[in-house]
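Below is one structure, written out as structure tokens; the observations come after it.
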Amino acid sequence: MTVYVIVQLKMTDRAAYDRYQARFFDVFRKFNGRLLSADEQPAVLEGSWDRDKLVLMSFPDEAAFRAWSESPEYVEISRDRKAGAQGIVLLAKGFAP
Numbered sequence: 001m002t003v004y005v006i007v008q009l010k011m012t013d014r015a016a017y018d019r020y021q022a023r024f025f026d027v028f029r030k031f032n033g034r035l036l037s038a039d040e041q042p043a044v045l046e047g048s049w050d051r052d053k054l055v056l057m058s059f060p061d062e063a064a065f066r067a068w069s070e071s072p073e074y075v076e077i078s079r080d081r082k083a084g085a086q087g088i089v090l091l092a093k094g095f096a097p
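In this text, residue positions in the sequence shown follow full-length UniProt numbering: the first is 1, and each later residue adds one.
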């Protein structure tokens, strides 16, 4: 079942986050994920939002997501993401009627 990863980021060190972002696709493309959105100005239609960036990704299943997120290559670059931004990361299962 497809899973979606929703990431809400609040930048704390833009230089560190930019280092992460520069290396992201080299790692991401090795796994079966799709980057659906990476928006630094999403429209807030209801409520308040105190973050700076929204990222939406999909993976064929949770195993594919975990293979990416736990890979040595991603763990290495994610240090800069964690140093550069406070993140809320959600994993949501796709809908199957």
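Even glycine gets a Cβ: it sits at the ideal position worked out from N, Cα and C.
When the options are compared against residue i, the one with the closest alpha-carbon
i: glycine 84; options: Val5, Gln21, Tyr4, Thr2; result: Gln21
i: proline 72; options: Phe31, Ile6, Met1; result: Phe31
Residues of its chain near residue i, where Cβ-Cβ distance is below 6 Å and the 5 sequence neighbours each way are ignored
i: lysine 53; result: Leu9, Glu40
i: proline 42; result: Leu54
i: glutamate 62; result: Val3
i: alanine 92; result: Tyr4
Spatial distance of residue i from residue j (CA atoms)
i: valine 55; j: glycine 87; result: 10 Å
i: phenylalanine 28; j: glutamate 70; result: 12 Å
i: arginine 66; j: phenylalanine 25; result: 17 Å
i: tryptophan 68; j: proline 97; result: 27 Å
i: valine 44; j: tyrosine 74; result: 30 Å
i: phenylalanine 95; j: alanine 64; result: 17 Å
Same chain, Cβ closer than 8 Å to residue i, neighbours up to 5 away in sequence not counted
i: arginine 51; result: Gln8, Leu9, Lys10, Ile88
Discussion item. Quick check on the DSSP output: what are the complete alpha helix (DSSP H) runs of length 4 or more inside the segment 43-71, in order along the chain?
Written reply: Listed in chain order, the complete alpha helix (DSSP H) runs (minimum 4 residues) inside the segment 43-71 are 62-69.
Practice prompt. Give a yes or no on contact between the segment 10-29 and the segment 72-83, applying the rule of three or more CB pairs nearer than 8 Å.
Written response: The segment 10-29, when compared against the segment 72-83, does touch it at the 8 Å Cβ threshold.
Discussion item. Closer than 8 Å is the cut-off here; do at least three beta carbon pairs connect the segment 29-37 with the segment 56-71?
Written reply: Contact between the segment 29-37 and the segment 56-71 is present, because at least three Cβ pairs lie under 8 Å.
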